[in-house]
Structures are given as structure tokens and as C-alpha cells.
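A.B. asks: Here this note's numbering is used: position 83 in the sequence shown is 88, and no number is missing along the way. For glycine and all other residues, C-beta sits at the position ideal for the given N, C-alpha and C. Structure in C-alpha cells, see below.
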Amino acid sequence: MLDKETIKLKEEGNDGRSIFLYYDKMIGLYVAYGLSAYYTTLVTNPFISYSVEMQMPVALLKREHILLLRQALEKVEHTEKEFYLFRLRSVVGKAGYLRWEEKRRN
Numbered sequence: 006m007l008d009k010e011t012i013k014l015k016e017e018g019n020d021g022r023s024i025f026l027y028y029d030k031m032i033g034l035y036v037a038y039g040l041s042a043y044y045t046t047l048v049t050n051p052f053i054s055y056s057v058e059m060q061m062p063v064a065l066l067k068r069e070h071i072l073l074l075r076q077a078l079e080k081v082e083h084t085e086k087e088f089y090l091f092r093l094r095s096v097v098g099k100a101g102y103l104r105w106e107e108k109r110r111n
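This is the structure in C-alpha cells:
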């Protein structure tokens with residue numbers, strides 16, 4: 006089970022260029038929340054929804070999405086079927102995210 010508090014803390018402290026992916030054993034996919042979900046859409050086209058429980062957007066990533074991220078971004082950390090940390094080449098920030106999140110919430 007994913008540690009919701011850890012995910013929320015990482016997304017609140019996101020430096021504007023980090024993508025945190027967590028493996029969800031129940032669905033067999035990597036997921037990204039909040040800013041990380043937004044940043045994945047700059048590289049690939051994952052399934053996007055809104056998590057009422059987490060109160061932020063969520064991206065569901067299949068194997069091909071992960072492969073695109075691995076080709077396009079710097080992989081910083083990886084634990085098989087648990088966690089990935091990727092870095093974008095430059096800071097994106099939160100300006101576009103706020104509009105994007107609002108669309109997902111409604």
C-alpha cells in the first residue's frame with residue numbers, strides 16, 4: 006500500500022522538476038500524483054484522473070510510458086516495482102499546473 010503522507014510531502018516539496026512515481030501493487034501500474042502527474046504529461050500521455058482521497062490529480066503509467074520517461078529524462082533513483090525518481094532538464098514550475106489541476110478537479 007502506498008504511503009499517502011509521504012506522497013503528499015514529496016509533492017508539496019517538489020522542486021519544479023521532479024517526477025516521483027510509485028508502484029501500486031493492486032493495479033500493477035506506476036502512479037504519479039500532483040505536480041509529478043502534471044510533469045509526466047510533458048513527456049508522455051498517461052491516463053489522468055483526480056484522486057478524491059489524495060485531493061490531487063493522479064497519472065496512471067503503463068510500461069510504454071515508463072520507457073518514454075527513461076529515454077527523455079534523467080533517472081535519479083529506481084527501486085524495482087516500488088519507486089522511480091526522474092528529473093526534468095529544466096524547472097517547469099507551478100504556473101501551468103494550477104490551471105491543469107483545476108480542469109482535472111472539475
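Return the CA-CA distance between glutamate 10 and glutamine 60, expressed in angstroms with no decimal places.
C.D. replies: Looking at the two C-alpha atoms, the distance is approximately 12 Å.
A.B. asks: Are the beta-carbon atoms of valine 97 and glycine 39 separated by less than 7 Å?
C.D. replies: Cβ atoms of valine 97 and glycine 39: not closer than 7 Å.
A.B. asks: If you check the beta carbons only, do leucine 34 and leucine 65 fall under 7 Å apart?
C.D. replies: Yes, the pair counts as a contact, with Cβ atoms nearer than the cut-off.
A.B. asks: Please check the pair tyrosine 43 and proline 62, which I expect to be a contact at CB under 8 Å, by giving their CB distance rounded to whole angstroms.
C.D. replies: The Cβ separation is near 7 Å, so the contact holds.
A.B. asks: Can you tell me where the alpha helix (DSSP H) holding threonine 46 begins and where it ends?
C.D. replies: Unbroken run through threonine 46: none, as it is neither H nor E.
A.B. asks: Would you report the Cα separation of tyrosine 2 and leucine 47, rounded to the nearest angstrom?
C.D. replies: It is not possible to answer for residue 2, since the shown part of the chain is limited to 6 through 111.
A.B. asks: Identify whether leucine 103 lies in helix, strand or coil by the three-state DSSP scheme.
C.D. replies: Residue state, collapsed to three classes: helix.
A.B. asks: Tell me threonine 84's beta-bridge partners as DSSP assigns them.
C.D. replies: Paired residue(s): Phe88.
A.B. asks: Can you tell me which of the three DSSP states leucine 7 falls into?
C.D. replies: Three-state DSSP puts leucine 7 in coil, outside helix and strand.
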